[in-house]
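Below: the structure, in structure tokens.
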Amino acid sequence: MNRKEALARAREILTDSHIDDATLEGEILLRHMLGKSRARLYADLDSDVSPDDYKLLKKLVKRRVKGEPSAYIIGNKEFYGLNFIVNRHVLIPRPETELLVEKAIDICRNNRYFLIADIGTGCGAIAISLAVNLPSVKIYATDVSIKALEVAAQNCTKHGVTDRISFLRGDLLEPLPESIDLIIANLPYVKEAAIPAKGPLSFEPQLALNGGERGLDKIERLCRQEDAKLNSQGSLLIEIGQGQAEDVKTILHKYFPSGLIEVQKDLAGIERVVSLRLT
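The opening position of the sequence shown corresponds to residue 972 in the working numbering, with each subsequent residue numbered one higher.
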């Protein structure tokens, strides 16, 4: 069997199992098994695949068919043009979260912010993306999970920004040692009842998904802590789920009645990022 045939078989199994993007998923798993780039894979499609390698590929495909996300199977995920180590201790970075990073970069450049906090950092994707693109900022990244912080630290070393990111274990804003110019939070916002028992989401850490009954528990608790940690001219960015914008705006008005609030939609037209600017 050559690589072209192995790829076709992997894609066929994934398609028959109703896996979304089966064509791409099959390629990702084969590339991971071979340790080849996309260009190298397609340049050598006629090369043979050994029986042992094909057996390994079938195991990877079987894991995907059972619902395990490809990012966990191959151990990495691309986000904002960078590649991040991921495992089941951290949430897989989503494309829609790149909007949060873009907004943060704009705010920092326009307001000359130099001190940032990334709350619930997970694998560190947001903090590290900001550090790479904003070389003059200092970042605190907090998480309650020591396992998540270990992954984040690996990614920090991988991308060469260990001198500008400090990882702190603790609940939301509590570990922060000083007031912050910009606080960024991609907290759990999935309603508890909406978290499935099976499928890809069931493989991800529930601590990073479960936002309580309304999906807003962690967001409201963050706002209660905010006043003592945000500078007087500081800003807050929060990623939210579909249909949560009005509720989050109400929470922000409650704790920051004079703050300026804006909502930005993602590429799918979903209200995704709520920003608050203190005046």
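Backbone N, C-alpha and C define an ideal beta-carbon position, used for all residues, glycine too. Please read these numbers as outputs of a predicted model, since none were measured by experiment.
- With respect to the 7 Å criterion, Lys1189 and Pro1148 are not classified as neighbours on the basis of their beta carbons.
- By the neighbour-count criterion, in which 16 or more other beta carbons inside 10 Å mark a residue as buried, Gln1215 falls on the buried side.
- Under the DSSP assignment, Val1103 falls in the alpha helix (DSSP H) whose first and last residues are 1096 to 1104.
- Between the stretch 1117 to 1129 and the stretch 1053 to 1062 there are three or more C-beta pairs closer than 8 Å, enough to call the two in contact.
- Going by DSSP, Ala1112 is part of the beta strand (DSSP E) stretching over 1109 to 1114.
- Ranking Val1108, Val1161, Arg1135, Ile1090 by CA distance to the CA of Pro1146 puts Ile1090 first.
- DSSP, read as helix, strand or coil, puts Ile999 in helix.
- Cβ-Cβ distances below 6 Å link Ala1096 to Phe1050, Phe1055, Pro1064 in the same chain, with the five nearest sequence neighbours on each side left out; the list follows chain order.
- Taking a C-beta distance under 7 Å as the contact criterion, Ile1087 and Leu1153 qualify as a contact pair.
- When DSSP states are grouped into helix, strand and coil, Arg1083 belongs to the coil group.
- With contact defined as three or more Cβ pairs closer than 8 Å, the stretch 982 to 1002 and the stretch 1026 to 1037 are in contact.
- If you draw a straight line from the Cα of Glu1242 to the Cα of Leu1193, it is about 20 Å long.
- Restricting attention to beta strand (DSSP E) runs no shorter than 3 residues, the stretch 1114 to 1195 encloses them at 1136 to 1140, 1151 to 1156, ordered along the chain.
- Residue pairing from DSSP places Phe1055 in a beta bridge opposite Lys1048.
- Nearest to Ile990 by C-alpha distance, out of Ala1010, Lys1007, Val1032, is Val1032.
- Within the same chain, Cβ atoms closer than 8 Å to the Cβ of Thr1250 are found at Gln1204, Ser1229, Gly1230, Leu1231, the five residues on either side in sequence being excluded.
- Going by beta carbons, Leu1208 and Lys1109 fall outside the 7 Å limit.
- By the CB criterion at 7 Å, Gly1183 and Val1161 fall outside the cutoff.
- Taking 8 Å as the upper bound for CB-CB distance, Pro1176 and Leu1062 are in contact here, some 6 Å apart.
- In the same chain as Leu1178, and ignoring 5 residues on each side of it, the C-beta atoms closer than 8 Å to its own belong to Val1115, Ser1116, Pro1159, in chain order.
- When secondary structure is reduced to three states using DSSP, Lys1200 falls in the coil class, being assigned neither helix nor strand.
- Listed in chain order, the non-local C-beta contacts of His1003 below 6 Å within the same chain comprise Ile1045, local neighbours out to five positions each way being set aside.
- Less than 7 Å separates the beta-carbon of Val1245 from that of Ile1211.
- The beta carbons of Asp1023 and Asn973 sit no closer together than 7 Å.
- The straight-line gap separating the alpha-carbon atoms of Arg1135 and Asn1157 is approximately 20 Å.
- The C-beta separation of Lys975 from Leu1016 comes to about 4 Å, placing the pair in contact by the 8 Å criterion.
- Around Ser1008, the same chain offers Arg1002 as residues with beta carbons nearer than 8 Å, after the five sequence neighbours per side are excluded.
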